[in-house]
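All remarks here apply to the structure that follows.
2 protein chains.
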Amino acid sequence: MKFTIARNTFIKKLNAVQRAISSKTTIPILTGLKIEAENDRLILTGSNTDISIETTIATSDEDAHLDIESTGSIVLMARFFSDIVKKLPDNTMLLEVSDGFQTTITSGASEFKINGLDANNFPRLPEVDSQTTITLNADVFSEMINETVIAVSTQESRPILTGIHFTIEGNKLSAVATDSHRLSQRVINLPETVKMPEDIIIPGKSLLELARMLDDEIETITLQISENQALFTFDETLFYSRLLEGLYPDTSRLIPKESSTEMEFEAPELLASIERASLLSHAGRNNVVKLTINAESKKVIISGDSPEVGNVEEEVVTKDVNGEDLEISFNPDYLKDALRSFGHTSIKMAFTSPLRPFTLVPTEDQENFIQLITPVRTF
Amino acid sequence: MKFTIARNTFIKKLNAVQRAISSKTTIPILTGLKIEAENDRLILTGSNTDISIETTIATSDEDAHLDIESTGSIVLMARFFSDIVKKLPDNTMLLEVSDGFQTTITSGASEFKINGLDANNFPRLPEVDSQTTITLNADVFSEMINETVIAVSTQESRPILTGIHFTIEGNKLSAVATDSHRLSQRVINLPETVKMPEDIIIPGKSLLELARMLDDEIETITLQISENQALFTFDETLFYSRLLEGLYPDTSRLIPKESSTEMEFEAPELLASIERASLLSHAGRNNVVKLTINAESKKVIISGDSPEVGNVEEEVVTKDVNGEDLEISFNPDYLKDALRSFGHTSIKMAFTSPLRPFTLVPTEDQENFIQLITPVRTF
Numbered sequence: 003m004k005f006t007i008a009r010n011t012f013i014k015k016l017n018a019v020q021r022a023i024s025s026k027t028t029i030p031i032l033t034g035l036k037i038e039a040e041n042d043r044l045i046l047t048g049s050n051t052d053i054s055i056e057t058t059i060a061t062s063d064e065d066a067h068l069d070i071e072s073t074g075s076i077v078l079m080a081r082f083f084s085d086i087v088k089k090l091p092d093n094t095m096l097l098e099v100s101d102g103f104q105t106t107i108t109s110g111a112s113e114f115k116i117n118g119l120d121a122n123n124f125p126r127l128p129e130v131d132s133q134t135t136i137t138l139n140a141d142v143f144s145e146m147i148n149e150t151v152i153a154v155s156t157q158e159s160r161p162i163l164t165g166i167h168f169t170i171e172g173n174k175l176s177a178v179a180t181d182s183h184r185l186s187q188r189v190i191n192l193p194e195t196v197k198m199p200e201d202i203i204i205p206g207k208s209l210l211e212l213a214r215m216l217d218d219e220i221e222t223i224t225l226q227i228s229e230n231q232a233l234f235t236f237d238e239t240l241f242y243s244r245l246l247e248g249l250y251p252d253t254s255r256l257i258p259k260e261s262s263t264e265m266e267f268e269a270p271e272l273l274a275s276i277e278r279a280s281l282l283s284h285a286g287r288n289n290v291v292k293l294t295i296n297a298e299s300k301k302v303i304i305s306g307d308s309p310e311v312g313n314v315e316e317e318v319v320t321k322d323v324n325g326e327d328l329e330i331s332f333n334p335d336y337l338k339d340a341l342r343s344f345g346h347t348s349i350k351m352a353f354t355s356p357l358r359p360f361t362l363v364p365t366e367d368q369e370n371f372i373q374l375i376t377p378v379r380t381f
Numbered sequence: 003m004k005f006t007i008a009r010n011t012f013i014k015k016l017n018a019v020q021r022a023i024s025s026k027t028t029i030p031i032l033t034g035l036k037i038e039a040e041n042d043r044l045i046l047t048g049s050n051t052d053i054s055i056e057t058t059i060a061t062s063d064e065d066a067h068l069d070i071e072s073t074g075s076i077v078l079m080a081r082f083f084s085d086i087v088k089k090l091p092d093n094t095m096l097l098e099v100s101d102g103f104q105t106t107i108t109s110g111a112s113e114f115k116i117n118g119l120d121a122n123n124f125p126r127l128p129e130v131d132s133q134t135t136i137t138l139n140a141d142v143f144s145e146m147i148n149e150t151v152i153a154v155s156t157q158e159s160r161p162i163l164t165g166i167h168f169t170i171e172g173n174k175l176s177a178v179a180t181d182s183h184r185l186s187q188r189v190i191n192l193p194e195t196v197k198m199p200e201d202i203i204i205p206g207k208s209l210l211e212l213a214r215m216l217d218d219e220i221e222t223i224t225l226q227i228s229e230n231q232a233l234f235t236f237d238e239t240l241f242y243s244r245l246l247e248g249l250y251p252d253t254s255r256l257i258p259k260e261s262s263t264e265m266e267f268e269a270p271e272l273l274a275s276i277e278r279a280s281l282l283s284h285a286g287r288n289n290v291v292k293l294t295i296n297a298e299s300k301k302v303i304i305s306g307d308s309p310e311v312g313n314v315e316e317e318v319v320t321k322d323v324n325g326e327d328l329e330i331s332f333n334p335d336y337l338k339d340a341l342r343s344f345g346h347t348s349i350k351m352a353f354t355s356p357l358r359p360f361t362l363v364p365t366e367d368q369e370n371f372i373q374l375i376t377p378v379r380t381f
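Heads up: the sequence lines are chains A and B, in that order. Just so you know, we're using my numbering here: the first sequence kicks off at 3 and counts up by one. Just so you know, we're using my numbering here: the second sequence kicks off at 3 and counts up by one.
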């Protein structure tokens, strides 16, 4: 194998594939990056137990200045190889594999010789031979991931809750995540009606890596599903994630249909108040803040209290308050995450009782995006 | 005590004083910030076992909008108090201390009540009643610190080497640091001839904190020395550092007066080569790179080698090479630190033998700045 390539393009592709490569894995070859040179393209592959990423650089890509002199394949230690490529002196680099997997990298006056591994020992990527392809708007899907992933569980005690649960009905794709203390649900419209064989659960961590790869240049991505893998395709890149096995809990019954107290406000206003109140709740032993709603005077007070350190109290700027008076306590970090997921928008918050979950929805789009938080009993 | 103040100005001063406050100290009151309100000014003080910082905000400072309603003093948990002040909603804030050291902080609709401590229990700052005041250009002194502190020892086995050694002769101030593997020495001209009672050793860590405080707005600082304290004064701020006790080794005899091989180059050129070579030396067991100088052909090769991983070799771009052929091995990290301290400038490197220290000086100012590195025996 022997090729020259523009370093800039190569580094960009290396960075993408490295998202799938862990330096901590117990399987040595998986700390490696597989490079294959075919007649008209270079294929880079990285893999761990959760995700695999394969990306292609074609000789027809003008920015890449890719010139393949001879084909072949090699596995190189990913982190180390990438450090070398990033520090090379010249705009282009030459990579050549000789006997015994020794690899020479030349750029300007600099010449590295490093030991590689036999690419035949690199695990093969899963096969996804689905007939159904779901087309997704990259921006919207990336937003959907970021909005729901906050509620994914980080505890391995119930592995199924570490994933986001996707279902399709007609042309509506729904994503739900819950760690059993809070829940986030988002529904988006698909460009076309598709039939998904069944619902799927994709690990939250995989989806976060995917979302980070979806930069502004990528407009659409496609999703195919096999028995235990999801395959996302975009921009000459294949992104595989394993699926979580098991039955996702029925979350639809958790969302209350009615409410007895409602308030409306701008998300950043309440977020700032909650951040101040949580300074004190974090200093204390139990991380709880209290919201006191007086419906008649339309006055809402948020307070945090820590016997050792002190307390804070402030009136929240609201746009409207309706219903019954209420005093409710909750973990401020859950509300912070939820409010951040909405960005700069007007929010409607609805309560039924001090011990029942409360919900937040954008005032302008109450059907498709909901955040739910379970309160804390303090008496 | 009761005062109102502009939050921006207050935050800037809090940040300065916090450099002296550690949250890890075993003396609880030292995790606190002391605030004193006098008739015409506010004094903030922070202290740890190495440094103390006291800064003043005057009622005459227009940006501060400081209005002192009643005088007094209090100690507040520094980190926590500063988090609160940073998150307050309004441009101004009111601070009021009531009975039992309870402190109320009000800003906009937000009201914090936090527990303070009796300021009488806060340790008193050292007294520095020196007759001699040394005036320093802030930029030049800050540069001097950053250039020499790289060679300060991080090991507590020889505490004296964790400091920078300052001496004055006439109007020349000299700073030296060495960890016994390398040495950095810088001499600067003082605006006027001063007599310093004796040489002093200031902890490197203290000086780094000081250098970070010297922003572009500060033009000159003054230094006073007492028996065991150095006091730097600038911009309404007093910065105290303890001095290290003991005899600093005689470093003048370490610097070779003659050389048998010299090379000249641009610092960034060699730095880039060394960074590449150190990728391999870091991967191997002994962190060493080799410089091979062929004087006749004026060719300089830098190489790094790690049997398990591979090797790298490249020709260094030099401006001139003179003297005898040489092969010398050293820790590339020492050379990286030294080259970075010079910035973008032309450097003269001088060698006597493969086992004797070599030196680097700026081509344009060979007298006042020298970096020395001890090589490693590899045979």
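Even glycine gets a Cβ: it sits at the ideal position worked out from N, Cα and C.
Less than 9 angstroms divides the Cβ of B:Ala232 from the Cβ of B:Ile202. In the DSSP assignment, A:Phe236 forms a beta bridge with A:Thr239. Excluding the 5 residues flanking it on each side, B:Thr47 has same chain C-beta neighbours closer than 6 angstroms at Lys36, Glu56, in chain order.
In the displayed model, A:Glu271 falls within a helix according to three-state DSSP.
Listed in chain order, the non-local C-beta contacts of B:Lys88 below 7 angstroms within the same chain comprise Ile13, local neighbours out to five positions each way being set aside. Taking C-beta atoms under 8 angstroms as the contact rule, B:Ser348 and B:Thr365 qualify, at a distance of about 4 angstroms. Spanning the alpha carbons of B:Ala179 and A:Thr106 requires a straight line of approximately 41 angstroms. Residue pairing by DSSP places B:Glu329 opposite B:Thr294 in a beta bridge. Among the residues of chain B, those whose CB is under 9 angstroms from the CB of A:Pro91 are Ala274, Ser275, Arg278, Glu316, following chain order. By the neighbour-count definition (other C-beta atoms within 10 Å, threshold 16), A:Thr224 is an exposed residue.
Contact annotation for A:Asp335 against chain B: no contact, minimum CB-CB distance about 15 angstroms [criterion: below 9 angstroms]. Separation of the CB atoms of B:Phe371 and B:Arg188 is rounded to 5 angstroms, and the pair is thereby assigned contact status at 8 angstroms. Closer than 9 angstroms to the CB of A:Val154 there is not a single CB belonging to chain B. One alpha carbon belongs to B:Leu16, the other to A:Ala285, and they sit about 20 angstroms apart.
In the assembly as shown, A:Asn296 is an exposed residue. Its beta-carbon has fewer than 16 other beta-carbons within 10 Å.
Between the alpha carbons of A:Phe234 and B:Val142 lies a distance of about 56 angstroms.
Interface annotation, A:Ser112: in contact with chain B, CB-CB separation under 9 angstroms. Within the stretch 289–315 of chain B, the residues whose Cβ lies closer than 8 angstroms to some Cβ of chain A are Glu310, Val311, Gly312, Asn313, Val314, Glu315, listed in chain order.
Counting only the Cα atoms, A:Lys350 lies some 38 angstroms from B:Leu78.
For A:Pro334, no beta strand (DSSP E) encloses it; the enclosing alpha helix (DSSP H) starts and ends at 334–344. Close to A:Ile116, with beta-carbon spacing below 7 angstroms, are these residues of chain B in chain order: Val311, Gly312. In the assembly as shown, A:Thr33 is a buried residue. Its beta-carbon has 16 or more other beta-carbons within 10 Å. When the five nearest sequence neighbours on each side are left out, the beta carbons in the same chain lying within less than 8 angstroms of the beta carbon of A:Asp42 are those of Ala60, Thr61, Ser62, Ile70, in order along the chain.
Residue environment analysis places B:Pro125 among the exposed positions, since fewer than 16 neighbouring C-beta atoms fall within 10 angstroms of its C-beta. When the beta-carbon positions are compared, B:Ala213 and B:Ser144 come within less than 9 angstroms of each other. B:Phe82 reaches chain A at Leu281, Ala285, Val311, counting residues in chain order whose Cβ is nearer than 8 angstroms. Contacts with chain A (Cβ-Cβ distance below 7 angstroms) from the stretch 3–15 of chain B involve no residue at all. Between A:Asp52 and A:Ser24, the alpha-carbon positions lie close to 11 angstroms from each other.
In this structure, the alpha-carbon of A:Gln20 lies about 32 angstroms from that of B:Phe332. A distance below 9 angstroms separates the beta carbons of A:Ala111 and A:Pro91. The Cβ atoms of B:Ala279 and B:Glu316 sit closer than 9 angstroms to each other. The Cβ of A:Thr33 sits no closer than 9 angstroms to any Cβ of chain B.
In this structure A:Glu264 touches A:Asn324 by the C-beta definition: roughly 5 angstroms separates them, less than 8 angstroms.
Your pair B:Phe114 and B:Ile76 does not check out as a contact, with CB atoms roughly 14 angstroms apart and the cut at 8 angstroms.
Within chain A, Leu281 have C-beta atoms less than 7 angstroms from the C-beta of B:Ile86, given in sequence order. According to DSSP, residue pairing for A:Asn191 in a beta bridge involves A:Lys174.
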